[in-house]
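Protein chains: 2
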Amino acid sequence: MTQGVEKSLIEQGVLVDPQSARGRLLTQAARLFRQKGYQSTTVRDLASAVGILSGSLFHHYQNKEAILKAVMVEGIHHTMARMRSELAEEHTTQGRLRALIACELDALNGDWGDAMAVVINEWRFLSDGGQQDILALREEYEQMWLEILYQARKERLITASPKVLRKLLYGAITWTDKWFDSRGKLSYQELTDTILQLAIKPASDP
Amino acid sequence: MTQGVEKSLIEQGVLVDPQSARGRLLTQAARLFRQKGYQSTTVRDLASAVGILSGSLFHHYQNKEAILKAVMVEGIHHTMARMRSELAEEHTTQGRLRALIACELDALNGDWGDAMAVVINEWRFLSDGGQQDILALREEYEQMWLEILYQARKERLITASPKVLRKLLYGAITWTDKWFDSRGKLSYQELTDTILQLAIKPASDP
DNA sequence: TTGCAAACCAAGCGCTTGCTAGGCTAGGTT
DNA sequence: AACCTAGCCTAGCAAGCGCTTGGTTTGCAA
């Protein structure tokens, strides 16, 4: 299902084909930006990672920042598409909340982890204009969270303010990319459940 | 009380007197490193912030990284001293846990927020040796958290694994420095309580 | 008054950085 | 056969970077 989402996005022209020269560049850029940071990654690093010389990068992208922005836009588009598709299969508020948590965890620790880590950590290196463009995409994304959290509040599933809770969860989840290893003892599902239990009250026994 | 902690640390030589040239430099460095990031802050920025020329910095510190490290060491020392002093006044596990949360929130959003934000966000720019030195300090700090969380688990105050819970709380709390404004609607106490409620089960009514 | 160390300045070196200009080549179109 | 364009290379520029060196000023102690 995830594969299907990805493929249709490529055909729509939203994502760049990862097989193409541009696509390979973005993949490598995401990896390097995450690993070394945007500023510590030189255009020479980027170029040699895809087997070309530094000057040739600027045939594909206007400047270094445009590469950063492209990585971010791809990551967000992919994550949102993924999230919509998973939400469509959940019909309880708790299930939908769990799906959000699982998606955000996977966005950071799965195949698209590099790109999403860059979205979060290299944000400040975009120019003002670039930040606004990305912000517009992210607000749409945050809206999905808030809608479900407001619903959860109505159903007394959560007690905290949705806006505050969202920010706390955001911090907790995004930080996992610094410590969580999906091949370790703690499974992906256990972590999802632990975070879900932070957010909601335990089910009141009859 | 906080003032007292600070003063005695200065007299012990653990902290640099903030009035001195070195101290003013560290204060400004923390501010700039937080605001612009370590790499984007040039030695010329640092120098002009304290009213000297760039070359004169190296009379006080061997190189730029030494300034970063000094900012971090000061921040951690201060935060730990503060934490110990507050923990000494709490005698219930829940009270102690709340104190930890409050201290960590205040460390990031109060007077020493700049230095602590640098500890968290500019970590990677230390050399390997520098990272290990700071790590040794931080492990001591984390131990204080873990001891109390293990105790809370014994008392069935929390259900999650202490280690995992600590990391989730760490992410949630440190992220507050990106959004929390202590002059806003949400008070410092409310935020502390909200986070505490995430960690612990609600008190079971009799 | 002299001596001395801490603090700072003036000038610039060596290096890396993002980016540019102009030319070459292979593959497809007309 | 002539042309075009996407993709890459070669060579290097201008700017900014951390840091060094040698000299000057300042404040305090003897």
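Chains as they are written, first to last, in my numbering: chain A, 1 to 206; chain G, 207 to 412.
Every residue, glycine too, gets a C-beta built ideally from N, C-alpha and C.
Model, not experiment: these values are computed from the prediction.
Output the boundary residues of the alpha helix (DSSP H) element that contains residue i.
| i | result |
| --- | --- |
| F180(A) | Element bounds for F180(A): n/a, residue is neither H nor E. |
| F125(A) | Note, F125(A): premise wrong, no alpha helix (DSSP H); not H, not E. |
| K207(A) | This structure cannot speak to residue 207(A), because chain A is shown only from 1 to 206. |
| I424(G) | Here chain G comprises residues numbered 207 to 412, so residue 424(G) is not present and cannot be evaluated. |
| D251(G) | V249 to A255 |
| H60(A) | L57 to H60 |
| N109(A) | T93 to N109 |
| A30(A) | A21 to K36 |
| R82(A) | K64 to L87 |
Answer yes or no: does any C-beta atom of chain A fall closer than 9 Å to that of residue i?
| i | result |
| --- | --- |
| R330(G) | yes |
| L392(G) | yes |
| K373(G) | yes |
| Q209(G) | Here Q209(G) scores only 47 on pLDDT, less than 50, and its place in the model is too uncertain to base an answer on. |
Mind reading off the beta-carbon distance from residue i to residue j? Whole number of angstroms is fine, and I expect it under 8 Å.
| i | j | result |
| --- | --- | --- |
| T79(A) | I120(A) | Incorrect: roughly 11 Å between the Cβ atoms, too far for contact. |
| E310(G) | R302(G) | Contact flag wrong, Cβ pair sits at about 13 Å. |
| A378(G) | A172(A) | 4 Å |
| M144(A) | M72(A) | Not confirmed; about 18 Å, so no contact. |
| Y38(A) | L57(A) | Not confirmed; about 14 Å, so no contact. |
| L414(G) | L108(A) | This structure cannot settle anything about residue 414(G), because the visible part of chain G is limited to 207 through 412. |
| E86(A) | V16(A) | Wrong, their Cβ atoms sit about 23 Å apart, outside the cutoff. |
Hey, is residue i's beta-carbon within less than 9 Å of any beta-carbon in chain G?
| i | result |
| --- | --- |
| W145(A) | no |
Is residue i near the ligand ZN - that is, is its Cβ less than 8 Å away from at least one heavy atom of it?
| i | result |
| --- | --- |
| S56(A) | This structure lacks the ligand ZN, and indeed carries no ligand of any kind. |
Which same chain residues, not among the five before or five after residue i, have their C-beta less than 6 Å away from its C-beta?
| i | result |
| --- | --- |
| Y356(G) | P368 |
| I401(G) | I307 |
| Y394(G) | S388 |
| R240(G) | D320, A323 and V324 |
| N63(A) | none |
| E328(G) | F239 and Y244 |
Closer than 7 Å by C-beta to residue i: which residues in its own chain qualify, once you throw out the five before and the five after it? Chain order, please.
| i | result |
| --- | --- |
| I148(A) | T93, R96, L97 and L100 |
| R344(G) | I282 |
| S54(A) | V43, R44 and A47 |
| S40(A) | none |
| R31(A) | D114 |
Whose C-beta lies closer than 8 Å to the C-beta of residue i among residues of the same chain, with five residues either side of it excluded?
| i | result |
| --- | --- |
| T398(G) | R304, I307, A308 and L311 |
| V50(A) | A21, R24, L25 and Q28 |
| E65(A) | F125, L126, S127 and G130 |
| E348(G) | R372 |
| L146(A) | P162, K163 and R166 |
| T382(G) | L311, L314, N315 and L397 |
| L186(A) | F180 |
Next item on the list: Report the residues of the region 375-390 of chain G with a CB closer than 9 Å to any CB of chain A, ordered along the chain.
Entry: L375, Y376, G377, A378, I379, T380, W381, T382, K384, W385 and F386
Next item on the list: Below 8 Å between beta carbons is the criterion; list the residues of the region 394-405 of chain G that meet it against any residue of chain A, in chain order.
Entry: L397, T400, I401, Q403, L404 and A405
Next item on the list: With 8 Å as the limit, tell me which residues of the region 152-165 of chain A have their beta carbon closer than that to any beta carbon of chain G; keep them in chain order.
Entry: T159, A160, S161, V164 and L165
Margin query: At a CB distance below 9 Å, what residues from the region 239-251 of chain G approach chain A? Give them in sequence order.
Written below: K242, G243, Q245 and S246
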